[in-house]
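Residue numbers (the working numbering): 1 to 80.
For reference, the structure discussed in these notes is given below.
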């Protein structure tokens, strides 16, 4: 039987969608083992990403730096 859950499934689960978000790194806050990166993406809208120190070093981002987030499926990519 086709219930509501079946209607919510994408037509092609293998198809990946990609969205780009442009913003500026507002702050990088260290809270123990967690690092919170706050990105201003609109006048009154922020995106907060929690990660760890190792990932922060790989990202090579700094406060006040413009950045682009590419979100694809469950992965997020940063670029300068």
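The beta carbon of each residue, even a glycine, is placed where N, CA and C say it ideally should be.
None of the values given here were measured: they were computed from a predicted structure.
Consult DSSP for residue 64 and reduce its assignment to one of helix, strand or coil. The answer is coil: DSSP assigns residue 64 none of H, G, I, E or B.
Can you tell me the Cα-Cα spacing of residue 59 and residue 37, whole angstroms? Here the alpha carbon of residue 59 sits roughly 11 Å from the alpha carbon of residue 37.
In the DSSP output, what is residue 20 paired with across the bridge? Residue 20 is bridged by DSSP to 70.
Which residue's Cα is closest to the Cα of residue 17: 77, 72, 45? Selected option, being the one with the closest Cα: 72.
So the beta strand (DSSP E) residue 44 belongs to, where does it begin and stop? Secondary structure note for residue 44: it is in no beta strand (DSSP E), with a DSSP letter that is neither H nor E.
Can you tell me which residues form a DSSP beta bridge with residue 36? Answer is 29, 50, bridged to residue 36.
Cα-Cα separation between residue 61 and residue 34, rounded to whole angstroms: The C-alpha of residue 61 lies about 16 Å from the C-alpha of residue 34.
Among 29, 28, 53, 47, whose alpha-carbon lies nearest the alpha-carbon of residue 20? The alpha carbon of residue 20 has as its nearest neighbour, out of 29, 28, 53, 47, the alpha carbon of 47.
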